[in-house]
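These notes concern the structure reproduced below.
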Amino acid sequence: MSGFFAASASKRVTQLLAWWQVHGRKDPALKPWMFRADGTWPAAEEVLNPYGIWIAEVMLQQTQLQVVLPYWQRWMEAFPTLEALAAADEQAVLLRWQGLGYYSRGRRLLAAARTIQEQWPCGADRFCDAWPRDLDTWLALPGIGRSTAGGILSSAFNSPLAILDGNVRRVLARLMAHARPPMRDQSVFWNWSEALIEASPEWARDLNQALMDLGATVCTPRKPLCSACPWQGGCAAYAAGSPDHYPVKETPRDIPFQVIGVGVVLNQAGEVLIDQRLNEGLLGGMWEFPGGKQEPGEAIADTIRRELQEELAIEVEVEQELITVEHAYSHKKLRFVVYLCRWLSGEPQPLASQQVRWVKPEELGNFPFPAANARIIAALMEHLGLPSMPV
Ligand code: SF4
148 MSGFFAASAS KRVTQLLAWW QVHGRKDPAL KPWMFRADGT WPAAEEVLNP
198 YGIWIAEVML QQTQLQVVLP YWQRWMEAFP TLEALAAADE QAVLLRWQGL
248 GYYSRGRRLL AAARTIQEQW PCGADRFCDA WPRDLDTWLA LPGIGRSTAG
298 GILSSAFNSP LAILDGNVRR VLARLMAHAR PPMRDQSVFW NWSEALIEAS
348 PEWARDLNQA LMDLGATVCT PRKPLCSACP WQGGCAAYAA GSPDHYPVKE
398 TPRDIPFQVI GVGVVLNQAG EVLIDQRLNE GLLGGMWEFP GGKQEPGEAI
448 ADTIRRELQE ELAIEVEVEQ ELITVEHAYS HKKLRFVVYL CRWLSGEPQP
498 LASQQVRWVK PEELGNFPFP AANARIIAAL MEHLGLPSMP V
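Following this line, the structure appears as structure tokens:
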């Protein structure tokens with residue numbers, strides 16, 4: 148199948164690039180990291196500063212362009228250069244990442260920036276010569292996979308490297324009417340993406356952008372606009388009349404559900420107790436209100452009392468319910484049942500966290516919290532009659 152694909156790759160590239168010249172998302176307001184300083188698209192032999200591209204590629208790992216853009220702009224204002232990022236405090240980095248989810252990616256960006264600065268030192272005017280240009284070096288950095296590395300290097304240096312993100316996978320699965328979930332046949336999909344680059348390596352930057360733009364604007368997850376597609380004539384899913392059947396999905400598995408009892412603990416000074424998670428895992432390094440999993444048959448007030456005892460060594464009076472928040476991750480669904488609590492005794496200890504702090508409710512906006520906590524904070528502020536804050 149990949150030989151068959153390679154044989155037609157040159158024609159497909161020509162069709163795709165011709166479409167992209169007219170319909171691609173070549174707008175500096177949409178993808179500022181892809182343009183020269185004067186707002187024009189770079190010629191094939193020109194290089195771009197990889198820093199903004201790298202940040203955008205990592206942000207785009209989990210969300211769409213329109214959502215990423217304001218986060219990227221705020222990030223670039225806070226950390227305009229690799230040096231600024233490498234010198235930043237981890238809390239400041241997590242605050243800028245807040246809302247994008249997968250907070251470990253923010254921490255890995257910081258770690259990678261420090262590695263690059265250490266291994267490729269240069270003056271304040273760092274530009275392209277001081278950046279690694281080979282795939283293996285990028286792959287060795289924290290948080291960089293093959294598609295992200297290919298995206299960075301092809302975008303910045305026009306390196307002839309393929310990408311394979313969700314958009315590209317969907318387009319190729321339909322084009323070839325591939326009968327299995329793409330994640331089970333990653334090597335096949337990489338071969339197809341590479342065949343396109345090999346057919347026109349001098350246009351790698353434009354080609355990868357064109358593939359992503361086609362997936363985002365024409366070959367969309369639902370209701371693809373096949374009548375506007377440059378590949379309609381050679382698309383197996385279109386010919387079969389069933390683009391919506393592709394990519395073939397995995398059989399849905401049961402997602403575990405857990406109830407979490409959460410205590411919003413206030414002391415006599417009106418301060419609220421928060422703790423910082425350990426650095427491992429999805430939400431590593433983020434701040435949260437303390438709590439934990441409800442045991443079978445346990446009343447939620449008992450869960451909260453027990454968790455606060457076990458994790459912070461404090462005694463509390465569990466008072467009224469503040470809010471219940473449902474939150475779905477890809478691998479589990481959580482229900483946070485949140486109660487206001489009055490601190491009775493015990494100096495809070497970080498027995499299961501990095502640190503604990505009493506803070507004024509008005510200061511909560513200075514700490515990075517996971518998305519599920521934004522509604523808890525809003526409910527607390529309303530309960531206390533304080534103005535809401537952006538979280
Ligand atoms: Fe996607 Fe339709 Fe184009 Fe096939 S013809 S690649 S299904 S938009």
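So the mapping is simple: our numbering equals the position in the sequence shown, first residue as 1, plus 147. Here a beta-carbon is modelled for each residue, glycine too, at the ideal position from N, C-alpha and C. Treat the numbers as computed from the prediction; the structure is a model and nothing was measured.
Are the beta-carbon atoms belonging to Thr450 and Gly408 less than 8 Å from one another?
Here residue 450 refers to the residue found at position 303 of the sequence shown. Here residue 408 refers to the residue found at position 261 of the sequence shown. Yes, the pair counts as a contact, with Cβ atoms nearer than the cut-off.
Are Asp360 and Trp167 closer than 8 Å when you measure CB to CB?
Position 213 of the sequence shown, counting from 1, holds the residue named residue 360. Position 20 of the sequence shown, counting from 1, holds the residue named residue 167. Note that the C-beta distance between Asp360 and Trp167 is below 8 Å.
From the DSSP secondary-structure annotation, give me the bridge partner or partners of Glu193.
The residue given as residue 193 occupies position 46 in the sequence shown. Its beta-bridge partners do not exist; DSSP assigns none.
Buried versus exposed, by CB contacts within 10 Å (16 or more), Met330:
Locating residue 330 in the sequence shown gives position 183, counting from the first residue. Met330 comes out exposed.
Leaving out five residues before and five after Pro497 in sequence, what residues of the same chain have Cβ atoms less than 6 Å from its Cβ?
Sequence index remark: in the sequence shown, residue 497 carries index 350 (1-based). Closer than 6 Å at Cβ, skipping near neighbours: Val503.
Contacts around Pro517, its chain only, beta-carbon distance under 6 Å, and the 5 residues preceding and following it disregarded
Taking the sequence shown and counting its residues from 1, the one referred to as residue 517 is at position 370. Closer than 6 Å at Cβ, skipping near neighbours: Leu430, Met433.
Hey, Leu358 and Ser347: beta-carbon distance below 8 Å or not?
What you label residue 358 is simply residue 211 of the sequence shown in a count that begins at 1. What you label residue 347 is simply residue 200 of the sequence shown in a count that begins at 1. Result no, Cβ atoms of Leu358 and Ser347 do not sit closer than 8 Å.
Answer yes or no: do Ala235 and Leu257 have a C-beta to C-beta separation smaller than 8 Å?
The residue labelled residue 235 in the question sits at position 88 within the sequence shown. The residue labelled residue 257 in the question sits at position 110 within the sequence shown. Against a cut-off of 8 Å, the Cβ pair of Leu257 and Ala235 comes out as a contact.
Cβ-Cβ separation, Trp490 to Ile461 (assumed contact under 8 Å), whole Å:
In the sequence shown, the residue the question calls residue 461 occupies position 314. In the sequence shown, the residue the question calls residue 490 occupies position 343. About 6 Å separates the two Cβ atoms, so the contact holds.
Compute every distance between the C-beta of Gln379 and the non-hydrogen atoms of the ligand MN, then say whether any falls below 7 Å.
Of the ligands this structure carries, namely the ligand SF4, none is the ligand MN.
With a CB to CB cut of under 7 Å and the five nearest residues on each side skipped, what residues in its chain are close to Ala525?
Along the sequence shown, one-based indexing puts residue 525 at 378. If we look at Ala525 and ignore the five residues flanking it on each side, its Cβ neighbours are Ser535.
What's the C-alpha gap between Asn520 and Glu224?
Looking up residue 520 in the sequence shown gives position 373. Looking up residue 224 in the sequence shown gives position 77. In a straight line, the C-alpha of Asn520 is about 25 Å away from that of Glu224.
Secondary structure of Trp378, DSSP reduced to three states:
Counted from its first residue, the sequence shown places residue 378 at position 231. In the structure shown, the three-state DSSP call for Trp378 is coil.
Looking at the unbroken beta strand (DSSP E) that takes in Trp505, where does it start and where does it end?
As a first step, residue 505 is located in the sequence shown; it is residue number 358 there, counting from the start. Where Trp505 is concerned, the enclosing beta strand (DSSP E) stretches over 502-506.
Would you say the beta carbon of Val395 comes nearer than 7 Å to a heavy atom of the ligand SF4?
The residue given as residue 395 occupies position 248 in the sequence shown. No; taking the cut-off as 7 Å, the Cβ of Val395 has no heavy atom of the ligand SF4 nearer than that.
Bridge partner(s) assigned by DSSP for Gly439:
As a working note, residue 439 is residue 292 in the sequence shown. Gly439 is bridged to Gly408.
Identify which residue in Trp201, Asp174, Val194 has its Cα closest to the Cα of Gln213.
By 1-based counting over the sequence shown, the position of residue 213 is 66. Cα-wise, what sits closest to Gln213 is Asp174.
If we count the other Cβ atoms within 10 Å of its Cβ and call it buried at 16 or more, is Lys440 buried or exposed?
Taking the sequence shown and counting its residues from 1, the one referred to as residue 440 is at position 293. So Lys440 ends up on the exposed side.
Alpha carbon to alpha carbon, what distance is there between Phe483 and Pro197?
Walking along the sequence shown from the start, residue 197 turns up at place 50. Walking along the sequence shown from the start, residue 483 turns up at place 336. Spanning the two alpha carbons is a distance of roughly 40 Å.
Lys480 - partner residues in DSSP beta bridges
Reading the sequence shown from its first residue, position 333 is the one you call residue 480. Note: Lys480 sits in a beta bridge opposite Phe404, Ala475.
In this structure, how does DSSP classify Ser155 when only helix, strand and coil are distinguished?
Within the sequence shown, residue 155 is the residue found at index 8, counting from 1. Note: Ser155 maps to helix in three-state DSSP.
Does DSSP put Ala422 in a helix, in a strand, or in coil?
Counting from one through the sequence shown, the residue named residue 422 turns up at place 275. It is Asp, not Ala, that sits at residue 422 in the sequence shown. Here Asp422 sits in strand by DSSP.
Can you tell me where the alpha helix (DSSP H) holding Met223 begins and where it ends?
Translated into positions along the sequence shown, residue 223 becomes position 76. Taken as a continuous stretch (DSSP letters only), the alpha helix (DSSP H) holding Met223 covers 212-225.
Am I right that Leu300 and Ser340 are in contact with their C-beta atoms under 8 Å? What's the rounded C-beta distance?
Translated into the one-based positions of the sequence shown, residue 300 becomes position 153. Translated into the one-based positions of the sequence shown, residue 340 becomes position 193. About 14 Å separates the two Cβ atoms, so there is no contact after all.
Arg321 Cβ short of 7 Å to the ligand SF4 heavy atom set:
Within the sequence shown, residue 321 is the residue found at index 174, counting from 1. Placement of the Cβ of Arg321 at a distance of less than 7 Å from at least one heavy atom of the ligand SF4 is found.
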